[in-house]
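Taking it in order: structure first as structure tokens, then the write-up.
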Amino acid sequence: MITILTTGGTIEGLDYVGDKAINKTNVSIADFLESANVDFEYTIESVFKKDSRAIKDDDREQLVRKIEETNASKILITHGTFTMEDTAKYIGKLNLKKTIVLVGSIILGSSANTDAPFNLGYAISSLQFLKPNVYIAMNGQIFLWNNVSKNLETNKFEHNE
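Residues in the sequence shown are numbered from -8 upward in steps of one, following the working numbering.
Structure follows, in structure tokens:
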């Protein structure tokens, strides 16, 4: 069983200017999974829907409570990419003894050329094989929570040097 916790962001088709959603589509994580015809048990819960630039430690604490409440040992968190590494570090420092993978998309989830389905599939596959810890799955790579940053020039995640 995989628990999927959603927090908003581009992967869910939310486009932002400042703190206001300007483009809200009907794309959902459930839609991606249904169209991929997946065959594993999962639950999806929306924790909040925010641009990740608006996510604060109170929001991260709410996310941690959801992680602690679930009986699942494998948790996928969909998250905006601007502060994904901050949330990964916040959760990683807690040593929750669960396998937690954060994933998002650079291109709007409702766009025809979105990276959302690839990233989501890659994250789910990785989640099933990784050892308990906190990871980010982006750009076809897995990053440990304490060794990752987003390069704003290339729009890619990188291992810290």
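Backbone N, C-alpha and C fix where the C-beta goes; we use that ideal spot for every residue, glycine too.
In this text, all values refer to a predicted model and were calculated from it rather than measured experimentally.
Which listed residue (T(-6), K47 and F73) has its alpha carbon closest to that of M129: Ranking T(-6), K47 and F73 by Cα distance to M129 puts F73 first.
Can you confirm whether the segment 79 to 94 touches the segment 136 to 145 when touching is taken to mean that 3 or more C-beta pairs between the two stretches lie within less than 8 Å? Yes, they touch.
Kindly indicate which residue of N142, H150, S116 and T145 has the alpha-carbon position closest to the one of L24. Taking only the C-alpha atoms, the option nearest L24 is S116.
Kindly indicate which residue of P123, F148, Y113 and K122 has the alpha-carbon position closest to the one of A27. Looking at the Cα atoms, Y113 is the closest of the given residues.
Give the range of the alpha helix (DSSP H) segment to which N110 is assigned. Segment A107 to L118, the alpha helix (DSSP H) holding N110.
Return the CA-CA distance between T(-6) and E144, expressed in angstroms with no decimal places. Looking at the backbone, the Cα of T(-6) and that of E144 are separated by about 33 Å.
If we ignore side chains and look at the alpha-carbon of each, how far apart do K47 and T(-3) end up? Between the alpha carbons of K47 and T(-3) lies a distance of about 15 Å.
Looking at the secondary structure, which residues open and close the beta strand (DSSP E) in which M129 lies? Residues N124 to M129.
Could you check which residue in T69, E36, R44 and I97 has the C-alpha nearest to that of N146? Of the listed residues, the one whose Cα sits closest to N146 is I97.
State the start and end residues of the unbroken alpha helix (DSSP H) segment that holds E52. Residue range D48 to E60 is occupied by the alpha helix (DSSP H) that includes E52.
Do T78 and R56 have their CB atoms nearer than 8 Å? R56 sits away from T78, with the two beta carbons spaced by 8 Å or more.
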